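Numbering (the working numbering), first residue to last: 10 to 154.
Cβ atoms here follow ideal geometry from the backbone N, Cα and C, with glycine treated the same way.
Since we're looking at a predicted model, the values are computed, not measured.
One structure below.
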């Protein structure tokens, strides 16, 4: 069966961070504590933290959240409840960020899933240069879809 997903931005930040905080079958806990969730909700209200929601017939089936600062996006966590839902959300986010003038998505920890999406590790010196050049630059993105 072919999935038909719809992607939105900043439509249900709280649900995305709660889903990201849910225990994973392969882990014993989560770093996304209640305190972390409250902090990111505050950052969202201030316009720094943003979410990507992936919907299938009105059901939230995937998503991710992170921080947008300057022309950089710092991905924090993602989740998927349906085949390829997080991949679809990430691909949509990537295209949108490029259109808005963003130059880098920091995925933080390299893993096979992110590598399959085209992410690659860069040297620390290159990352520091991205921060120096682009952290204070303006980007043009209304985070609503």
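Sequence-distant residues of the same chain with beta carbon closer than 7 Å to residue 111, five excluded per side: Here residue 111 corresponds to residue number 102 of the chain shown, with the count starting at 1. Non-local C-beta neighbours of residue 111 in its own chain, meaning closer than 7 Å and more than five positions away in sequence, comprise 80, 81, 82 and 148, ordered along the chain.
Residues near residue 145 in its chain [Cβ-Cβ closer than 8 Å; skip 5 each side]: Taking the first residue of the chain shown as position 1, residue 145 is located at position 136. Same-chain partners within the cutoff: 79.
Residue 126 - containing alpha helix (DSSP H), residue span: Locating residue 126 in the chain shown gives position 117, counting from the first residue. Neither: residue 126 is in no alpha helix (DSSP H) and is coded neither H nor E.
Distance, residue 118 Cα to residue 70 Cα: One-based indexing of the chain shown puts residue 70 at position 61. One-based indexing of the chain shown puts residue 118 at position 109. One alpha carbon belongs to residue 70, the other to residue 118, and they sit about 23 Å apart.
Residue 87 in three-state terms, based on DSSP: Position 78 of the chain shown, counted from the start, is the residue given in the question as residue 87. Look at residue 87 here: in three-state DSSP terms it is strand.
Cross-strand partners of residue 16 (DSSP beta bridge): Counted from its first residue, the chain shown places residue 16 at position 7. Per DSSP, 63.
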